[in-house]
Every structure is written in C-alpha cells, then in structure tokens.
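Protein chains in written order, with our numbering: chain A, 1 to 496; chain B, 497 to 796.
Read through the structure below, which is laid out as structure tokens, and then see the notes.
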C-alpha cells in the first residue's frame with residue numbers, strides 16, 4: 001500500500017521555496033546548463049543526535065587509526081599484525097583468521113552481507129549509513145569542525161567570506177587549509193598501514209625506502225580526503241554517490257526517516273510570545289532546521305534525494321520547541337505513513353515487520369548462515385586432484401595402465417603436517433611419486449602455509465585392466481581426518 | 497525554440513522523455529563538473545607534450561618523457577634473462593639426481609622443461625609427450641635408447657640419426673623394398689614377430705621364419721627378441737609398438753624399415769635447459785621406473 005503524500009499542503013503559487021539555498025537554486029535554474037554551487041555554512045547545533053554523531057565519529061576514527069597497530073601472535077616468520085592485507089605473501093590476516101586468495105569468496109560473502117544489512121537498515125530506518133557512518137559524512141563533520149575552530153560558526157564564516165582580504169582572513173583560511181591537509185595526510189597515511197607491517201612501514205616511510213605503492217596510495221588518499229571532505233562535501237553525496245539514487249528502492253512509507261510533521265507544523269509563520277497557538281501550526285518558520293543542515297536543504301519540503309538522514313535538524317528544532325514551549329518532535333525520525341495518518345486524524349501505526357524487511361532479513365540470515373557454515377567446515381587441507389589429460393593414460397611395456405595426477409595440497413595450518421595418500425575405487429592400483437619408491441599409503445610431509453604440488457602415478461597391472469574409465473578417489477588422511485577427492489581412472493582402449 | 501514542459505512539483509524543466517508516466521527532469525549539471533571537463537582537456541594537452549602522441553610522416557612525436565613501451569619490454573626481458581641466469585646456475589650446480597630429489601629444484605626444472613618441451617618437442621611427441629605412430633611415447637617405460645636421467649640427457653644432447661657427430665644411430669633395413677626378403681618371407685617373419693610378443697600366430701608360418709629371424713634380425717633384436725639398447729633395437733616381446741602392433745603395421749615396418757630422426761639439441765639449448773628437459777621427461781615418464789636394465793625382461 002502506498003500513500004501519496006501531500007508533502008507540505010497546498011502552497012500558494014506565489015510562495016517560493018523557503019530556504020535561502022532553495023531560493024538561490026531556484027534563481028539559478030532556468031539560466032543555463034550549469035548550476036553554480038550554493039555555499040553552505042552549517043551552524044553548530046547541540047542535542048541528542050549531534051552528540052551521537054560526535055560519539056560515533058570518535059569511535060570510528062579510533063577504530064580506523066588503532067586497528068593496524070594491534071598485534072597478534074602467529075607462529076614462525078608470519079606477520080604479527082592483527083589485521084593485515086598482505087599482498088606480498090598473498091594472505092589476509094584478521095586476528096585468528098587467515099584467508100588465502102583462493103578463499104576470496106569469504107570476502108565476497110562479507111560484502112554481500114554488508115549490502116543486505118544496508119538494505120535492511122535502510123528499509124527500517126532510512127539512510128542511517130549516510131548520516132552517521134559513511135566516511136564522507138564522518139570526515140566532512142571533522143572538517144567542518146576544524147573550519148569552525150578557525151573561522152567561527154555560521155554567521156562568522158559568512159561574514160569572513162564576504163569580507164575583503166585582510167591579515168585576519170588570510171591566517172584563518174591558511175590555518176584551516178593547513179590543518180585540513182594534515183588530517184588528509186593522516187587519513188591516507190593510516191590507510192597504508194593495513195597493507196604492511198605498521199611499525200616497520202612508519203619507519204621506512206619517513207626514510208624513503210617504503211614501497212612506491214605506499215607513497216602513491218597515501219598521496220591519492222590525502223588528495224581525495226582534502227578535496228572531498230574540505231571542498232566537495234555535499235556535492236559528493238548529491239552528484240557523485242550512486243547510493244542516494246539506489247536507496248529510493250529500499251524505502252517505503254513505513255521507513256523511519258527524518259520527517260517534518262506537517263500535520264503539526266502547518267500553517268507555519270512567525271510567532272510572538274503572547275500570541276495564541278490556536279488555528280496555526282507549531283512551526284514558527286525560524287529557519288533553524290535549514291541553517292544547521294550540512295546538505296543545505298529544507299526538510300520541511302519532505303523527503304529529498306539530498307537528505308542524509310543525520311538528524312541535525314531534529315536537534316535544532318527540539319531546541320526551538322523547548323524555547324517556545326511547544327512539544328518536541330515537530331521534526332523527528334518518523335514514517336511518511338504515520339504523518340499522513342495523523343494528518344487525517346487517525347492513529348499512526350508503525351510496522352517494522354513488513355514483506356520488504358522480512359525478505360531483506362531472511363536474505364541476510366541466509367548469507368550469514370552460509371558464511372558461518374563455510375567457516376566452521378573450513379578444512380586445514382584444501383586438496384585438488386588434476387588428472388593428466390594428455391596423454392589420458394599410458395600403457396607400459398607389460399601392458400599395465402598408468403594414469404598421472406598432479407595433487408595440490410594446500411596446508412592452511414601453521415605446522416608441517418604428515419598426510420597419508422591412498423587411492424580407492426580401482427582394483428590393483430599402486431601409487432608412486434616419481435623419484436621415490438612406491439608405497440600404499442604414500443606418506444608425504446606437507447609444509448605449512450603453502451600449496452604443495454605432488455606428481456602421483458597410479459598403475460594398474462595388465463591382468464586387472466578394465467574397460468573405459470572408472471570413478472576413483474584420492475583419500476587424504478591427516479591427524480585422524482579423511483578428505484576424499486573424487487577423480488577418475490582411465491583404462492583406455494585395448495590394442496588388437 | 498518551443499516552450500519546454502515544466503514539472504509542476506519541482507519547477508524543473510523536463511527533457512520530454514517519459515516512461516510509464518514518469519518524466520525525466522532536466523536538472524542542470526553542477527558547474528564543477530564543467531571544470532573537471534576542462535581539466536581533462538588541459539590534461540590531454542599536457543599528455544601530448546609529455547608522451548608519444550601525434551603520428552607524422554616518419555614516425556611519431558616521442559614526447560618529452562621519451563616513454564617507450566618497447567623500451568620497457570627490452571628492460572623486462574633483460575631482467576627476466578638475469579633471473580633465468582640465476583636459475584641456470586642453480587641447475588648447473590646440481591646433478592640430475594639431485595635436481596629430481598630436491599622439491600624446489602625439481603619444481604624449477606619441471607617449469608622450465610614444460611615450457612621448452614611445449615615449444616620444441618611437442619610437435620612430434622605430442623603436448624603431453626604421449627607420442628604417436630612413429631614418434632616414441634615419452635610417458636611410458638619403454639625406451640629405445642635408455643630411460644635413466646643420464647641416458648635421456650645424452651639422447652637430448654646428441655639426437656638420433658642427427659647431424660651431431662656422436663649421434664645415436666641405428667638402421668632398420670627395408671627388407672622387402674630392397675629385395676633382401678621376398679614378400680612371402682616378410683609375411684612369415686610377421687607371424688614370427690607376432691608370436692614373439694605372446695600373441696596368437698600362424699604356427700606354420702612362424703616356424704618357417706625361425707631361421708629367417710636368426711639370420712636377419714637376431715643380430716640387433718637378439719635371438720629372444722628383447723632388443724638391445726646400445727644399438728637402439730626395440731624389444732619385440734613387449735606390448736609397445738612404435739609403428740603399430742597389428743600385422744599390417746608389422747609387415748609394413750619389415751618391408752619398408754622406417755627410421756625416425758630426432759634432432760640434436762646441443763647448441764640450441766644451454767646445458768642447464770637440457771638438464772631441466774631431461775628431468776621433465778624423466779619425471780613425467782614415471783621417474784625411475786625405467787632403469788638401464790629394464791629393457792631385458794624375461795624371455796617370452
């Protein structure tokens with residue numbers, strides 16, 4: 001069921017968009033093919049959501065900066081960095097987990113699960129990712145904070161930008177950009193520690209002997225952080241990011257989003273202290289929700305592509321409602337359907353369990369279950385048997401038939417393991433590794449943390465040779481566990 | 497220009513495109529996008545100056561950086577050669593047996609051997625070394641000239657009936673074509689050879705050929721027919737037939753006496769590569785099953 005929502009009630013045609021930014025945008029619209037950027041000066045706001053945003057910012061930046069420095073004991077000459085993407089060694093380390101390039105499907109699964117979780121959260125609570133967790137939001141928040149330290153809050157910044165060049169303006173601007181570049185460098189600099197041993201890299205980085213990729217990655221991330229968080233900001237979300245377009249498919253009228261309750265707010269208008277609240281809405285048109293918005297939009301126009309759901313306008317409006325003595329929640333996390341229901345005088349209903357959230361949740365559980373199953377049944381040995389295909393079989397001088405195989409044994413463990421290899425399903429089959437005497441089972445030492453390729457020949461004596469081909473299997477036994485690797489034995493065609 | 501439709505909710509002009517009632521708004525592009533576009537133009541001009549770009553009558557503008565893909569390849573090839581040099585030193589410092597016994601050296605030799613085999617040997621012996629009629633199978637345990645590492649290396653070095661002064665050589669006469677034996681005798685001998693390998697044969701014909709065999713064949717193939725590796729004479733009692741096992745093939749070989757040629761690889765490959773190739777062939781033939789005395793199984 002979809003309710004078509006009358007966003008702000010009928011507006012008289014003469015009333016234009018409300019915010020300054022909207023007005024400027026409107027003015028710029030018909031004039032040309034390209035739109036000039038409308039500068040945004042978000043005002044500092046205090047309140048529950050701002051506090052939550054600061055807390056998350058600190059937690060997430062702390063995770064980002066501290067993680068590469070955590071140590072984790074691993075045997076032998078393996079790296080002792082807890083989280084490491086080791087391109088040179090071809091391994092991904094995450095605490096007790098060690099992944100090989102062959103197991104990249106775990107990463108794929110993680111990404112699929114992350115995407116599904118994003119879908120689910122979006123369907124339930126709107127763009128929480130955009131408002132709180134996206135690096136673009138986190139770093140932009142940090143950069144605006146730095147800007148505020150040098151140039152003051154919204155009004156001071158607007159004045160400074162309008163003022164003629166002076167020493168005061170110059171040092172404030174220069175200081176801001178210097179700190180921005182410093183933070184950007186810190187961002188790119190921390191990133192590279194995920195790919196090399198951090199204590200070693202921080203030394204080699206400064207003496208100039210680190211790999212070129214480290215310098216290039218650091219430079220690229222420094223540049224993009226400075227440009228995106230310092231200069232581009234909301235332009236990245238509006239024009240460059242595909243997610244605002246995609247997320248529309250996850251949202252419905254039951255999704256919690258930052259919502260202006262037009263049922264309560266309209267008709268809006270300035271309010272003097274002594275005036276009655278009868279016959280008018282709670283919105284006093286103070287524009288505070290607009291001036292705090294980092295995206296430069298007016299939430300009272302309803303859900304918009306630009307809105308990142310950060311809730312700063314909620315904090316701004318709460319402060320005003322407290323001042324004028326009206327109940328909080330004129331702007332709140334709410335659903336379109338609830339607002340529409342209240343507008344019609346009905347009781348609002350919130351439905352978290354809906355087909356959409358159910359199947360996002362089920363898909364997420366399915367992928368999560370598959371991942372857990374994959375991890376729990378992950379074997380110490382990965383074995384592949386490659387049968388020689390050219391020639392598929394060899395007839396020996398006494399009429400015996402021999403098949404050749406390359407057995408690839410990947411030892412995922414950290415210890416050298418002894419494995420026993422036998423061959424099942426073919427009567428009379430004898431195993432041999434070239435250069436060694438035949439044995440059944442073959443006993444082989446498999447080195448840790450690498451793939452050991454073995455050439456193995458299986459010979460069937462002339463009197464036990466059958467017709468065509470036969471299903472067979474290598475049995476790999478180690479420490480009481482048996483792995484069966486199916487293959488086939490080719491008898492070939494018999495000579496006349 | 498005609499008046500364009502304006503979307504009443506957003507006040508934005510539409511492009512005129514409509515799908516199922518949904519109209520496309522013609523929102524303006526951000527101005528910085530235009531700057532990025534100009535930036536790309538500037539970049540391309542800088543690129544023309546720095547990198548090879550414009551074609552001319554005699555080649556192209558080389559660019560200030562003098563970048564050359566061909567130069568890069570030459571450098572990379574030199575680096576590869578240097579790396580191969582290290583591998584060659586390794587192979588030369590070990591004996592054939594040591595190379596085969598050491599897993600790392602063996603892996604290196606197999607890699608080198610496989611690539612060289614594919615380029616040079618596969619055209620006759622097959623990609624996997626399985627051979628064909630007239631071209632020996634290198635995967636089995638039947639060796640005309642011996643299947644030990646040293647014997648294989650020697651065969652690779654000097655070839656068979658090749659231009660090498662020390663070449664391995666043998667001569668199967670064309671008994672029928674050259675008129676040494678008449679067609680009846682050739683047919684009788686064929687039955688004798690079929691009997692040698694333990695198969696059902698015309699006993700009368702084989703009996704007639706007993707003396708023929710002793711006079712003409714036994715000197716190389718030995719009186720019991722097990723062959724002689726020093727002469728490169730094939731074992732006639734086993735199940736492996738270079739020119740085919742059926743009567744027509746055997747008769748044809750006695751009549752025509754075909755002799756294959758294997759070129760000498762000395763001079764074309766470095767000694768290290770020949771070593772690697774010997775190890776590759778030996779390992780893939782089952783490695784060690786064919787020792788020098790394996791050519792003398794029990795008499796039939």
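Quick reminder that beta carbons are idealized off the backbone N, C-alpha and C, glycines included.
Note that this is a predicted model, so its numbers are computed, not measured.
Closest Cα partner of residue i within the set the options
i                      : options                    : result
residue 662 of chain B : B/654, B/751, B/767        : B/654
residue 781 of chain B : A/298, A/67, A/397         : A/397
residue 120 of chain A : A/464, A/363, A/442        : A/363
residue 746 of chain B : B/773, B/775, B/682        : B/682
residue 694 of chain B : B/724, B/714, B/735, B/705 : B/735
residue 342 of chain A : A/265, A/369, A/425        : A/265
residue 456 of chain A : A/379, A/236, A/464, A/444 : A/444
residue 699 of chain B : B/684, B/581, B/515, B/713 : B/684
residue 489 of chain A : A/431, A/273, A/111        : A/431
Cβ of residue i within 8 angstroms of any chain A Cβ
i                      : result
residue 721 of chain B : no
residue 497 of chain B : With a pLDDT of 46 at residue 497 of chain B, under the threshold of 50, the modelled position of this residue cannot be trusted; read the value that follows with caution. Output row for residue 497 of chain B: interface = no.
residue 724 of chain B : no
residue 747 of chain B : no
residue 483 of chain B : Residue 483 of chain B lies beyond the residue range present for chain B, which begins at 497 and ends at 796; the question has no answer from this structure.
residue 555 of chain B : no
residue 734 of chain B : yes
residue 584 of chain B : no
residue 515 of chain B : no
residue 680 of chain B : no
residue 626 of chain B : yes
residue 774 of chain B : no
residue 597 of chain B : yes
residue 512 of chain B : no
residue 552 of chain B : no
residue 609 of chain B : no
residue 787 of chain B : Here residue 787 of chain B scores only 40 on pLDDT, less than 50, and its place in the model should not be relied on; the value that follows carries that caveat. No, residue 787 of chain B does not count as interfacial toward chain A.
Cross-chain neighbours of residue i in chain A, by beta carbon under 8 angstroms
i                      : result
residue 636 of chain B : 394, 395, 396, 397, 402
residue 731 of chain B : 397
residue 630 of chain B : Within 8 angstroms Cβ-Cβ: nothing; residue 630 of chain B doesn't reach chain A, min ~16 angstroms.
Straight-line Cα distance separating residue j from residue i
i                      : j                      : result
residue 692 of chain B : residue 472 of chain A : 35 angstroms
residue 179 of chain A : residue 413 of chain A : 46 angstroms
residue 527 of chain B : residue 158 of chain A : 21 angstroms
residue 345 of chain A : residue 259 of chain A : 18 angstroms
residue 263 of chain A : residue 252 of chain A : 19 angstroms
residue 118 of chain A : residue 289 of chain A : 27 angstroms
residue 84 of chain A  : residue 373 of chain A : 24 angstroms
residue 501 of chain A : residue 275 of chain A : Since the displayed chain A opens at 1 and closes at 496, residue 501 of chain A lies outside it and no answer follows.
residue 565 of chain B : residue 579 of chain B : 21 angstroms
residue 573 of chain B : residue 562 of chain B : 19 angstroms
residue 60 of chain A  : residue 134 of chain A : 10 angstroms
residue 389 of chain A : residue 624 of chain B : 8 angstroms
residue 130 of chain A : residue 772 of chain B : 60 angstroms
residue 223 of chain A : residue 184 of chain A : 7 angstroms
residue 171 of chain A : residue 140 of chain A : 21 angstroms
residue 283 of chain A : residue 315 of chain A : 14 angstroms
Contact with chain B by residue i, beta-carbon distance below 8 angstroms
i                      : result
residue 256 of chain A : no
residue 195 of chain A : no
residue 464 of chain A : no
residue 491 of chain A : no
residue 434 of chain A : yes
residue 239 of chain A : yes
Within chain A, partners of residue i - CB distance below 7 angstroms
i                      : result
residue 623 of chain B : 390
residue 581 of chain B : The premise fails here: residue 581 of chain B is roughly 24 angstroms from chain A at the closest Cβ pair, so nothing lies under 7 angstroms.
Listed by chain order, chain B residues near residue i by CB distance under 7 angstroms
i                      : result
residue 33 of chain A  : 524, 525
residue 90 of chain A  : The contacting residues do not exist; residue 90 of chain A stays about 17 angstroms from chain B at best.
residue 455 of chain A : 779
residue 37 of chain A  : 526, 527, 528
residue 235 of chain A : 526, 528
Partners in chain A for residue i, counting only beta-carbon separations shorter than 9 angstroms
i                      : result
residue 643 of chain B : Result: empty, since nearest Cβ-Cβ is about 11 angstroms, beyond 9 angstroms.
Alpha helix (DSSP H) runs contained entirely in the stretch 158-201 of chain A, provided each spans 4 or more residues: Whole alpha helix (DSSP H) segments, 4+ residues: 167-192.
Contiguous alpha helix (DSSP H) assignments of at least 4 residues, all confined to the stretch 302-368 of chain A: Within the stretch 302-368 of chain A, the runs of alpha helix (DSSP H) at least 4 residues long that lie entirely inside it are, in chain order, 312-324, 336-343.
Every unbroken beta strand (DSSP E) inside the stretch 430-464 of chain A [3 residues or more]: Within the stretch 430-464 of chain A, complete beta strand (DSSP E) segments of at least 3 residues are found at 430-432, 442-446, 450-460, given in chain order.
Contiguous alpha helix (DSSP H) assignments of at least 4 residues, all confined to the stretch 550-620 of chain B: Fully enclosed alpha helix (DSSP H) runs of 4 or longer: 565-588, 592-597, 599-612.
Segments of 3+ residues assigned as beta strand (DSSP E) that fall wholly inside the stretch 81-142 of chain A: Fully enclosed beta strand (DSSP E) runs of 3 or longer: 83-86, 91-94, 97-99.
Length-filtered (4 minimum) alpha helix (DSSP H) runs lying within the stretch 630-673 of chain B: The DSSP assignment places 645-654 as complete runs of the alpha helix (DSSP H) inside the stretch 630-673 of chain B, in order along the chain (cut-off: 4 residues).
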